[in-house]
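Chemist:
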Amino acid sequence: MADSIYDVRGRIFDIQRYSIHDGPGIRSIVFLKGCFLRCRWCCNPESQAYEIEKVTVDGKPKIYGEDTTVGAVMDEVMKDAAYYRRSGGGLTLSGGECLGQPEFSTALLAAGHEFGITTAIESTAFAPFEVIEGLLPHLDYYLMDIKHVDSEKHKEFTGRPNELILENAKKLAARLGNRLIIRVPVVPTFNATESEILAIARFADALPGVERIHLLPYHRLGMDKYARLGRPYAMAGIVPSPAGLVEGFCEAVRRETSLECILGG
Ligand code: SF4
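In case it helps, the working numbering puts the sequence shown at residues 59 to 323.
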């Protein structure tokens, strides 16, 4: 075990600065390698495997994945300390699934708090609650994906059933209240109907303290990455929803529930 949280090691594949969509204020997003799910529409297929992957892009070698330490990540993240202070921003862990590397994730969030910045994770909560619980003392905002309330359909499109996710959502709401924010990728052929989105919204509305839901329209920005990884893109024949459809879902959520519905991140 590492002596200091700054020596804890983990595996990431990217750090993105100046994000305004993944928690309050201006944030840096640290993308961890490895995910428990295999969503057909995933726009970060390089995040899914924990293993480091070597590919060729335009004839040049590219490596997805890097072993690093909390200290090295925070050196990069804290380059934007002035922006965080002015905006109430900070550090967001994404992926992949940060719960797949709980010791590293916990240490990163703890380091964020030591530096006095806000912390957030983007996560599907597909893990034993004891694993999630370890992160909570150092976490300000949980941006939690709920993709479908029907477990069969969830499994068909993500490779995993949803019972554990929905149970964890209830436990997280009891602990976090309005610091739990529900996010829904709206994906044609999977959940892009008003009734399916409203079913998720009603579930979220019944979670104590939860006030916000974000609807994230499906896009195809990650499609090229599948080709680079030599993997088929399972959504190749699926086109994004027409403009206005997802906004209409948001209006239905506002009408039918007490949630604040936000289109996009
Ligand atoms: S949970 Fe997120 S990172 Fe994991 S496969 Fe699904 S879309 Fe990709």
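Beta carbons are placed, not taken as given, at the ideal position from N, Cα and C, and that holds for glycine.
Closest by CA to V304, which one among G280, E254, I239?
Modeler: E254
Chemist: Anyone know if the C-beta pair for L317 and R286 falls short of 8 Å?
Modeler: no
Chemist: Count the other CB atoms within 10 Å of the CB of S62; is the residue buried (16 or more) or exposed (fewer)?
Modeler: exposed
Chemist: Spatial neighbours of N249 within its chain, please: C-beta separation below 6 Å, excluding the five flanking residues on both sides.
Modeler: H206
Chemist: In chain order, which continuous runs of the beta strand (DSSP E) of length 3 or greater are located wholly inside the stretch 229-260?
Modeler: 238-244
Chemist: Give the range of the beta strand (DSSP E) segment to which T164 is assigned.
Modeler: Premise fails: T164 lies in the alpha helix (DSSP H), 160-172, not in any beta strand (DSSP E).
Chemist: Suppose you measure from the CA of G306 to the CA of I258; what does that come to, to the nearest Å?
Modeler: 15 Å
Chemist: Only counting the same chain, and skipping five residues up and downstream in sequence, which positions put a Cβ closer than 7 Å to that of D263?
Modeler: T315, S316, L317
Chemist: Give the straight-line distance between the Cα atoms of R67 and P219, rounded to the nearest whole angstrom.
Modeler: 30 Å
Chemist: Here's the rule I'm using: 16 or more other beta-carbon atoms within 10 Å means buried, otherwise exposed. How should T176 be labelled?
Modeler: buried
Chemist: Could you tell me which of F173, F184, F162 sits nearest to L193, measuring between CA atoms?
Modeler: F162
Chemist: Along the chain, where does the alpha helix (DSSP H) containing K283 start, and where does it finish?
Modeler: 281-286
Chemist: Near C142, what residues of its chain come up, given a Cβ to Cβ distance below 7 Å and the 5 sequence neighbours on each side ignored?
Modeler: What sits at residue 142 in the sequence shown is Tyr, not Cys. Closer than 7 Å at the Cβ level, and outside the excluded window around Y142, lie G83, I84, G148, I175.
Chemist: Give, in chain order, every unbroken run of the beta strand (DSSP E) that is at least 3 residues long and sits entirely within the stretch 64-119.
Modeler: 67-77, 85-90, 111-115
Chemist: Put T315 into one of helix, strand or coil per three-state DSSP.
Modeler: The answer is coil: DSSP assigns T315 none of H, G, I, E or B.
Chemist: Quick one: residues in its chain with C-beta nearer than 8 Å to the C-beta of E225, no 5 flanking neighbours on either side, listed in chain order?
Modeler: F187
Chemist: With a threshold of 7 Å on Cβ separation, who are the neighbours of V268 within its own chain once the five nearest residues in sequence on each side are excluded?
Modeler: Beyond the five residues adjoining it in sequence on each side, V268 comes within less than 7 Å, by CB distance, of A231, N236, L238, I240, A262 in the same chain, given in chain order.
Chemist: State the DSSP-derived secondary structure class of L265, mapped to helix, strand or coil.
Modeler: Coil at L265, not helix or strand.
Chemist: Using the rule of at least 16 other Cβ atoms within 10 Å of the residue's Cβ for burial, across every protein chain shown, is G123 buried or exposed?
Modeler: The residue in question, G123, is buried, as its Cβ has 16 or more Cβ neighbours within 10 Å.
Chemist: Could you round the C-beta distance between F89 and S105 to whole angstroms and report it? I think they count as a contact, below 8 Å.
Modeler: 6 Å
Chemist: Out of M293, A168, L273, point me to the one whose CA is closest to L279's CA.
Modeler: M293
Chemist: Does P195 pass the burial test, meaning 16 or more other C-beta atoms within 10 Å, or should it be called exposed?
Modeler: Exposed: under 16 other Cβ atoms inside 10 Å.
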